[in-house]
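Chemist: Sharing a structure below in structure tokens format, with a few things to ask.
Protein chains in written order, with the working numbering: chain A, 1 to 227; chain B, 228 to 454; chain C, 455 to 681; chain D, 682 to 908.
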């Protein structure tokens, strides 16, 4: 645990676990407590997710706070991390995400894992995931270029809370989180058969977002002293 | 895409597109998911809009983040941008706004464009648009004069989320967004016949806001190193 | 309008006008759009008020942003402003507050002024106003002593949004706003006969708050270069 | 009141009193005003709590702003405060918490103290308290290590607002607050018999959180000039 990479991987695992625990757990609570209005459930779910993202990014950014394989892949593509680091962080994100889903299920008295039966497919939703991930990459790398890098926490929290609402897919925008959400048959779940389509569109959106970042000129070379 | 003006125009296009996609998209989601309470729909719509404004301004401000022809016109009036720049940015804002409306419609499985049938007219609403835009100009140029220019993101996000509620018009306060909202027959739509009245009152409010800014002495000369 | 005091008074007038327009206007909108749940109305009203306070304080703090006679009186008591300034700013706050109430009524198609018939009295409510104002003075003067004075905007916005909920009186906590809220017979109104009791308890709470600030040692002498 | 420790204890007392007044008071208001949807009540309760935490931490952090015996115990464990200080601050937190509960009851016209009859037990809830407190310790000590220590206010406010939703226990995560919540038979109450289980799990979670902080390497020695 002494090495820098192990610390970063541990931060990604912890952060992604709390992120998924929030997405899944607040979805379960919302569904149970506000049974008559799906919009109110999504409001509760989206505000909890946005709020926890602010907290987690402020907390873990000094170590590592991507919590998202798409973000890590873009960092690899622009040369900010090497391949070993990228693979390690993505692995930690997936393990953390699964752990978060399991803990959320257990906290609410459910089986540790139940596969979701909530199918999410169709052109509109796939377009939604691509748009959502394009925007997320834009926000992450744009805000990191601002005067105070900590503002990325508020930018990402605000963006995701909004994206739950403005995309038809409710903006998963994160392959690790998507996989973990297949493991709970509750509000935030996604049927395993729908996962590949979502992940594919997230990768497409992420690539488009990286292109937009380059066009904006916000970052064209690795830059260790920011973020 | 190498020139500074092209980068700024691209940022205005992207930002205004995501802004309108949020206004329109979250309106559609709110209407579908919370069918029994119009106030709850507006709450969902206003929180999503305020949150995305925080994200988009933090993200794009290092390049250009007005997203609003009234703001750009005031910047031209006080000499902070030249006429070529102002025309280019306003053009990019309108194109981005239309794009955002189209994408929102498509994400939710609707036709790319449907003209709104939601008429919005009357003395109260027109007064609302003038007041809303006066306040917006005050907030943008006042907050930019503060110690940390990035706070304009929180000021504008907070202001617009509130203005959805305190004005009878729900505070469009933006000619580019108003035009684009004519292209969707959903919660956020405005009938084309109602657009000129709204835009006129936005220009009146913007002029009054610029006057208030000058009286406050917050900015009496171009100042390139802020914002 | 060239003098420093005139600029400050204008800022107080504008800020208090927008604050009251938000309190009253969002109350009217909430009552009309969410007719079935008073709590949802208060949620909409409190979030709009908290959000606009963040915006207005960030915007006007470089000039003057108290918007509240109790705060100005405490500043006089600790020697941060002289008597002429205090009287001028309080006058501007009251004029601005009345203007805000009138504009809100007009935006929503009501008479410019209608006296409220909403009686608000009783031990619990009076205790609520004293506690609310004690807390507000603590927050304003405590947060101004922090590293970055702009954080007072977030502190006050957060505090007031919460105080709408944790006090039985919904936390008016401001004599100028209280007077102006007597002029609208809507959600946010207060019957003129209930105004003196509220204002008295606000003054009591303000004095207690000033005492707490002194005990905390946060500020024992005038200090021109903060705030 | 001149000594540094007395000032810190007074800040902890005031802050914890306002925190508990908000938790209890907003719970009572929510229950009365939104009687038909428990989720809406929790939304109102959680947003008020998160918002007041931002305000209170920004306000009192220059003096002392833990408001939580678990946080103070971790600070003792890592050597940032001595035993006399820790005991004094925890005493002040408990007294303040009880005071806040009493004031909330009185503001809403209830008896000063009524023991709660709301039993909260079971594996899921206990796991919830451990997870909630683990996360809180991580957030507090992680965010304090960031560039600007004031961001801990936004991190904690966001975290707790979310944790009300993602844990099955609604995240008490604070022994002083838990004790005080036994003294009100309202929305936020907890039966005295359920208090020991909650406090035990909070201590377990706090210890795990301290371990995670050490593994992350965020803070391995006392450091007087931060926080």
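Every residue gets a Cβ at the ideal spot worked out from N, C-alpha and C, and that includes glycine.
Contact between the region 80-88 of chain A and the region 857-872 of chain D is defined here as three or more beta-carbon pairs at a separation below 8 Å; is this criterion met?
Modeler: With the cut-off at 8 Å, the region 80-88 of chain A and the region 857-872 of chain D do not touch.
Chemist: Counting only Cβ pairs nearer than 8 Å, list the residues of chain C close to residue 354 (chain B).
Modeler: Neighbours of residue 354 (chain B) on chain C, chain order: 557, 560, 561.
Chemist: Please identify the residue among D:855, D:732, D:742 whose C-alpha is closest to the C-alpha of residue 597 (chain C).
Modeler: For residue 597 (chain C), the nearest C-alpha among the options comes from D:742.
Chemist: What number of angstroms, rounded off, separates the C-alpha of residue 131 (chain A) from the C-alpha of residue 209 (chain A)?
Modeler: Between residue 131 (chain A) and residue 209 (chain A), the C-alpha separation is close to 9 Å.
Chemist: Just curious, the alpha helix (DSSP H) that residue 340 (chain B) is in, first and last residue?
Modeler: Neither: residue 340 (chain B) is in no alpha helix (DSSP H) and is coded neither H nor E.
Chemist: Measure the alpha-carbon distance for residue 470 (chain C) versus residue 549 (chain C) and round it to whole angstroms.
Modeler: Roughly 9 Å between the two C-alpha positions.
Chemist: Helix, strand or coil for residue 39 (chain A), going by three-state DSSP, please let me know.
Modeler: Helix at residue 39 (chain A).
Chemist: Nearest CA to the CA of residue 257 (chain B): which residue from A:24, A:78, A:170, A:26?
Modeler: Residue 257 (chain B) has its Cα closest to that of A:170, out of A:24, A:78, A:170, A:26.
Chemist: In this structure, does DSSP put residue 436 (chain B) in helix, strand or coil?
Modeler: Here residue 436 (chain B) sits in helix by DSSP.
Chemist: Looking at residue 555 (chain C): is its Cβ nearer than 8 Å to the Cβ of residue 645 (chain C)?
Modeler: No, the Cβ-Cβ distance between residue 555 (chain C) and residue 645 (chain C) is not below 8 Å.
Chemist: Could you tell me which uninterrupted beta strand (DSSP E) segments, each at least 3 residues in length, are contained entirely in the region 265-308 of chain B, listed from first to last along the chain?
Modeler: Segments of the beta strand (DSSP E) lying fully in the region 265-308 of chain B: there are none.
Chemist: Beta-carbon separation of residue 433 (chain B) and residue 348 (chain B) under 8 Å?
Modeler: The answer is no: Cβ separation not under 8 Å.
Chemist: Would you call the CB atoms of residue 157 (chain A) and residue 50 (chain A) closer than 8 Å?
Modeler: Cβ distance < 8 Å, so residue 157 (chain A) and residue 50 (chain A) count as in contact.
Chemist: What did DSSP end up calling residue 310 (chain B) once you bin it into helix, strand or coil?
Modeler: Three-state DSSP puts residue 310 (chain B) in a helix.
Chemist: Output the distance between the C-alpha atoms of residue 772 (chain D) and residue 268 (chain B), rounded to the nearest integer angstrom.
Modeler: Spanning the two alpha carbons is a distance of roughly 46 Å.
Chemist: Reducing DSSP to helix, strand and coil, say where residue 171 (chain A) ends up.
Modeler: In the structure shown, residue 171 (chain A) sits in coil (DSSP, three-state: anything other than H, G, I, E or B).
Chemist: Beta-carbon of residue 43 (chain A) versus every beta-carbon of chain B: anything under 8 Å?
Modeler: So, interface residue.
Chemist: If I follow the unbroken alpha helix (DSSP H) through residue 360 (chain B), where does it start and stop?
Modeler: Run containing residue 360 (chain B): 350-371, per the alpha helix (DSSP H) assignment.
Chemist: To the nearest angstrom, report how far apart residue 691 (chain D) and residue 21 (chain A) are at their CA atoms.
Modeler: So the alpha carbons of these two residues sit roughly 36 Å apart.
Chemist: Residues of chain C with CB closer than 9 Å to the CB of residue 702 (chain D), please, in chain order.
Modeler: Here the neighbours are 585, 589, 620, 621.
Chemist: Classify residue 416 (chain B) as helix, strand or coil using the three-state DSSP reduction.
Modeler: The answer is coil: DSSP assigns residue 416 (chain B) none of H, G, I, E or B.
Chemist: Taking 7 Å as the cut-off, is the beta-carbon of residue 142 (chain A) closer than that to any non-hydrogen atom of the ligand PLP?
Modeler: This structure lacks the ligand PLP, and indeed carries no ligand of any kind.
Chemist: Taking Cβ-Cβ distances shorter than 9 Å, what residues in chain D pair up with residue 640 (chain C)?
Modeler: Simply none; closest approach about 17 Å.
Chemist: Under three-state DSSP, which class holds residue 4 (chain A)?
Modeler: The answer is helix: DSSP assigns residue 4 (chain A) an H, G or I state.
Chemist: In this structure, does DSSP put residue 801 (chain D) in helix, strand or coil?
Modeler: Looking at residue 801 (chain D) - three-state DSSP - the assignment turns out to be coil, as it is neither helix nor strand.
Chemist: Interface residues of chain D around residue 578 (chain C) at Cβ under 8 Å?
Modeler: Neighbours of residue 578 (chain C) on chain D, chain order: 787, 788, 789, 790.
Chemist: From residue 759 (chain D) to residue 822 (chain D), what does the alpha carbon distance come to, in whole angstroms?
Modeler: C-alpha separation (whole angstroms): 11 Å.
Chemist: Quick check on the DSSP output: the alpha helix (DSSP H) that includes residue 611 (chain C) runs from which residue to which?
Modeler: Residues 605-620.
Chemist: Please name the residue, chosen from C:467, C:506, C:488, C:457, that lies closest to residue 363 (chain B) on a Cα-to-Cα basis.
Modeler: If we check each option's Cα against that of residue 363 (chain B), C:506 comes out closest.
Chemist: From the DSSP output, in three-state form, read off residue 483 (chain C) for me.
Modeler: Residue state, collapsed to three classes: helix.
Chemist: Excluding five sequence neighbours on each side, which residues of the same chain lie with their C-beta closer than 7 Å to the C-beta of residue 849 (chain D)?
Modeler: Taken in chain order, the residues that qualify are 805, 806, 809.
Chemist: Can you pull the chain D neighbours of residue 26 (chain A), defined as C-beta to C-beta under 8 Å?
Modeler: Within 8 Å Cβ-Cβ: 843, 846, 847.
Chemist: Confirm, please, whether the CB-CB distance from residue 854 (chain D) to residue 728 (chain D) is below 8 Å.
Modeler: No, the pair does not count as a contact, with Cβ atoms beyond the cut-off.
Chemist: Kindly list the residues whose CB is nearer than 7 Å to the CB of residue 738 (chain D), restricted to its own chain and excluding five residues on each side of it in sequence; keep chain order.
Modeler: Only 746, 833, 834, 837 meet the Cβ criterion.
Chemist: Is the beta carbon of residue 784 (chain D) closer than 8 Å to that of residue 861 (chain D)?
Modeler: No, the Cβ-Cβ distance between residue 861 (chain D) and residue 784 (chain D) is not below 8 Å.
Chemist: Report the three-state DSSP secondary structure of residue 198 (chain A) (helix, strand or coil).
Modeler: Of the three classes helix, strand and coil, the one that applies to residue 198 (chain A) here is helix, per DSSP.
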